[in-house]
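Below: the structure, in structure tokens.
2 protein chains.
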Amino acid sequence: IAKEVAKLLEMKAQLGGDEGKHKFVLKTPKGTRDYSPKQMAIRERVFNAIVACFKRHGAEVIDTPVFELKETLTGKYGEDSKLIYDLKDQGGELLSLRYDLTVPFARYLAMNKITNIKRYHIAKVYRRDNPAMTRGRYREFYQCDFDIAGQFDPMIPDAECLKIVHEILSDLQLGDFLVKVNDRRVLDGMFAVCGVPDSKFRTICSSVDKLDKMPWEEVRSEMVGEKGLSPEAADRIGEYVRLHGGLDLIERLLQDPKLSQNQLAKEGLGDMKLLFEYLTLFGITGKISFDLSLARGLDYYTGVIFEAVLLQQENDHVEEPASVGSVAGGGRYDGLVGMFDPKGRKVPCVGVSIGIERIFSILEQRVEASEEKIRTTETQVLVASAQKKLLEERLKLISELWDAGIKAEVLYKKNPKLLNQLQYCEDTGIPLVAIVGEQELKDGVVKLRVVATREEVNVRRESLVEEIRMRTSQP
Amino acid sequence: IAKEVAKLLEMKAQLGGDEGKHKFVLKTPKGTRDYSPKQMAIRERVFNAIVACFKRHGAEVIDTPVFELKETLTGKYGEDSKLIYDLKDQGGELLSLRYDLTVPFARYLAMNKITNIKRYHIAKVYRRDNPAMTRGRYREFYQCDFDIAGQFDPMIPDAECLKIVHEILSDLQLGDFLVKVNDRRVLDGMFAVCGVPDSKFRTICSSVDKLDKMPWEEVRSEMVGEKGLSPEAADRIGEYVRLHGGLDLIERLLQDPKLSQNQLAKEGLGDMKLLFEYLTLFGITGKISFDLSLARGLDYYTGVIFEAVLLQQENDHVEEPASVGSVAGGGRYDGLVGMFDPKGRKVPCVGVSIGIERIFSILEQRVEASEEKIRTTETQVLVASAQKKLLEERLKLISELWDAGIKAEVLYKKNPKLLNQLQYCEDTGIPLVAIVGEQELKDGVVKLRVVATREEVNVRRESLVEEIRMRTSQP
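So the protein sequences, as listed, match chains Z and X. Numbering of the first sequence is given in the working numbering, commencing with residue 1362 and proceeding in unit increments. Numbering of the second sequence is given in the working numbering, commencing with residue 1362 and proceeding in unit increments.
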């Protein structure tokens, strides 16, 4: 064995040496990937479910460029700004790749003076983050955003956003999930009554945001050690952030002697109560948890915030179900459009973003495990021939079929073997074969073969289109 | 009037002065644009027609990242390489935005050792070109690519690509069009027999490529003046590039005393003949022209090349129909995959790219002119109330409808006026209104109003979903 290992190591070293000679590295950029036809088929399914939901809720759709003026993104993302991709200065404007779809949306509203819209936007965004691709963390990834902009009565659009998260996650059958909800005003109020100085609100908020990945002890030591918060204030925060519940908890906190004295917290808790009343009407409070540890990283949130996590399904004996990561998030950002408007006019907004890369990963693994065969084309019929010298006849027939709207293929060979043509159908899932031969041409018919049953039937040429349609129509 | 103008100029100056104080410019980057919901509706129509055609021809779909390693794009685009967008070096790999979908496709094939695939890819590409947005020339624009990779019998996939262009342009009803076809081997053979030195083939090819925008005299002086070609060689080229026709011209050139002596030209003309035979079987030669002036800018083409142009429809008295610009193009590139394969293994490819920005512009203008009302949502019903204090009932009902898959909206107001709710339906094209009121709730019914006819009918609550489905199903 040792010898074999040594041999392998030597081969590896040689390969390594060879690589130096290559003119280039054959790969996609770090943190990105291609989608194969099979992956695209899964991706399409997910997109279709999400778009169907967005349309069910009456949303319009927009699109924006993949890059924005650099200054458009400046000052919107707090500590995460360092993750923005900039374009090289090749003369002209300074540009950056979009970091999310929310800031471009706000820029779009301000630029077009739109004060009222419900829209969705599905597109790729870019973050120079540390990728963990097996867990669905990429540098280029899709976001599916639904947002409601406009001056409306409180919590109605906010409740609809949560209903949408609930519908999509239920629809995709990803297993049990939980949507954590909080409010930036409750957080800020909490920081105030715990003795956090105003200037430290945002940075302490960033620390709280790490509670889903780090234990409290580590977050506490970041607050006290790195960010200079007093240990007493940190401990008081520690008391609050362990709280989660429903309407009962909201009621209790509305009576909390310290929190109820804070105007911001009171407003937030009042809206939270209203939100839960609407969620009760929607019948979805079972999967929603008011959670004081939820903070969300982005600077621009001003009210309700939320995040959906999938719950581990194995290990049911574990006391607290462990989360396998966030698959949707969002919240209210009433100040963002005003940052773009020359006169600072505000347009209140609330929205949700579905993070589908993680959902893809899960569904991809599930398809792999199930050995489900996924078709990557929709071809209804292969135009084939049983004898040689019939290429012209095959091309004439397939042209007729295409013009009639039939999805059809032909092998790109002058004289393919019938067996190879049938094998191609087996491999790609094409259900029908239309076979032309000398005799069929004389008789004005085409032999139609059903791949699954090997049944063959002669169909008059003028009825072929109708026959194929009938046999491949979805029930 | 002079006074008014002076006043306006003064105001403009003030605004200009103000702009200096703004923290930012509210715009999209040069050469890019947002798509509004209305524009998206038109875009979706075009995409649907194109995707339907690609699927009809049995194509799978893939996706690749928006940026590639810089070296992946190096040396593929000839004189156009200066138009590539680079990303800033922020540590790590050097990256560039993709310039087309063909080079990423070739990289994908080589990387995954795929030797046989028919795929489409619809995505944005990036070129730091001089934008002319009113004519559909952008720096960020969509390409819709269909390519066939694999070792096949000659000209069958090539003919299918032209059939696809013909189907899509017919389907979109853009008016009369012409597909110009040529072959790089015919061009190179022509350059050789005209006395162009080998080293100048590509750069003279670039000059010929400008013939659709510049008259021959200017192209000739570029060849002679800038590129140092002898006037005699240029004049000989001038004789050839004015030729265009069909099978007859191909036959004639196969007999051409000079051209027929050149091996490359002979091969190209032979394949061109075969291509036209297949196109005759497809019944599309009427819109295809073998045109010796067609060159295509990109370096990687090795065989058949083609380009589709829309023909001006007004001015029918003009002798030669003038082209309003290219809307599709493509060709054969048998060497590109080999440039990526470590062992240089070739995978022959042929493909077509539909340039849809110009198609959008045309269709957008047409929609504007026709005053056709385009719906930007698919909402089937608005859940409304006739009295105050019925928000809870509206939310309960809409939740039932959403859960049953009905596309429904509700105004985000506690007590909206019925008139405002009806007006919203008029404005957005929602066909039905489901009205809840005290009496209806007592009776267990919902009042369903047809917006167009103002007809109102009471529907039992348990039949409402079925009733809405029936009334909004497409015939």
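Cβ coordinates follow ideal geometry from the N, Cα and C atoms, glycine included.
Shown here for Gly1550 (chain Z): same chain residues with a beta carbon closer than 7 Å to its own, the five before and five after excluded, namely Leu1620, Asn1623, Leu1625, Ala1626, Gly1629 in chain order. Using a Cβ-Cβ cut-off of 8 Å, Leu1636 (chain X) does not count as an interface residue toward chain Z, since no Cβ of chain Z sits closer than that to its own.
By the CB criterion at 8 Å, Pro1398 (chain Z) and Val1427 (chain X) fall outside the cutoff.
Nearest CB-CB separation between Thr1738 (chain X) and chain Z: below the 8 Å threshold.
The region 1767 to 1799 of chain Z contains, as complete alpha helix (DSSP H) runs of 4+ residues, the segments 1779 to 1789 (chain order). DSSP, reduced to helix, strand and coil, places His1418 (chain X) outside both helices and strands of the structure shown, so it counts as coil. In the structure shown, Lys1485 (chain Z) adopts extended strand secondary structure according to DSSP, grouped into three states. By the rule that beta-carbons nearer than 8 Å mark a contact, Phe1408 (chain Z) does not touch chain X. DSSP, read as helix, strand or coil, puts Asp1447 (chain X) in strand.
The beta carbon of Glu1454 (chain Z) is closer than 7 Å to those of Leu1430 in its chain, skipping five residues each way along the sequence. Taking 7 Å as the Cβ-Cβ cut-off, the region 1740 to 1761 of chain Z approaches chain X at Thr1740, Glu1753, Leu1756, Lys1757, Ser1760, given in chain order.
The beta carbon of Ala1669 (chain Z) sits no closer than 8 Å to any beta carbon of chain X. Counted as a single uninterrupted DSSP element, the alpha helix (DSSP H) harbouring Glu1729 (chain X) occupies residues 1717 to 1731. For Phe1651 (chain X), DSSP records a beta bridge to X:Val1542, X:Gly1606. Annotation: the continuous beta strand (DSSP E) that includes Asp1508 (chain X) extends over 1501 to 1510. Annotation: Gly1664 (chain Z) to Asp1461 (chain X) spans about 43 Å, alpha carbon to alpha carbon. The continuous beta strand (DSSP E) containing Lys1808 (chain Z) extends over residues 1806 to 1811. Per DSSP, the beta-bridge partners of Ala1493 (chain X) are X:Arg1498. Taking C-alpha positions only, Ile1403 (chain Z) is separated from Pro1492 (chain Z) by approximately 22 Å. In terms of Cα proximity to Glu1761 (chain Z), the closest of X:Phe1643, X:Leu1533, X:Ile1715 is X:Phe1643.
Spatial neighbours of Lys1541 (chain Z) in its own chain (CB-CB distance under 6 Å, excluding positions within 5 residues in sequence) are listed in chain order as Ser1650, Asp1652, Leu1655, Glu1668. For Ala1765 (chain Z), there is no enclosing alpha helix (DSSP H), as DSSP marks it with neither H nor E. Taking Ala1553 (chain Z) as reference, the option from Z:Glu1583, Z:Glu1521, Z:Leu1456, Z:Ala1594 with the minimal CA-CA separation is Z:Ala1594. With a beta-carbon spacing of about 6 Å, Phe1637 (chain Z) and Ile1611 (chain Z) fall inside the 8 Å limit used to define contacts.
In the DSSP assignment, Phe1643 (chain X) falls outside any alpha helix (DSSP H) and carries neither an H nor an E. The Cβ atoms of Ile1723 (chain X) and Leu1548 (chain X) lie no closer than 8 Å to each other. As the crow flies, the alpha-carbon of Ile1717 (chain X) is around 14 Å from that of Tyr1396 (chain X). Cα atoms of Val1742 (chain Z) and Glu1729 (chain Z): separation of roughly 27 Å, rounded to the nearest angstrom.
Restricting attention to X:Cys1522, X:Arg1719, X:Lys1391, the CA atom closest to the CA of Val1670 (chain X) is found in X:Arg1719. Among the residues of chain X, none has a CB under 9 Å from the CB of Gln1726 (chain Z); the nearest is roughly 19 Å distant. By the Cβ test, the region 1523 to 1539 of chain Z is not in contact with the region 1774 to 1787 of chain X, since fewer than three Cβ pairs between them sit closer than 8 Å. Note that the C-beta distance between Lys1449 (chain Z) and Asp1447 (chain X) is below 8 Å. For Ala1689 (chain Z), the three-state secondary structure derived from DSSP is strand. Sequence-distant Cβ neighbours of Lys1808 (chain X) in its own chain, meaning closer than 6 Å and more than five residues away, are Ile1796, Glu1801, Glu1817, Asn1819. Measuring C-alpha to C-alpha distances from Leu1659 (chain Z) to each of Z:Thr1646, Z:Arg1597, Z:Val1569, Z:Arg1603 identifies Z:Val1569 as the nearest. Distance between Gly1599 (chain Z) and Arg1581 (chain Z), taken at the CA atoms: about 8 Å.
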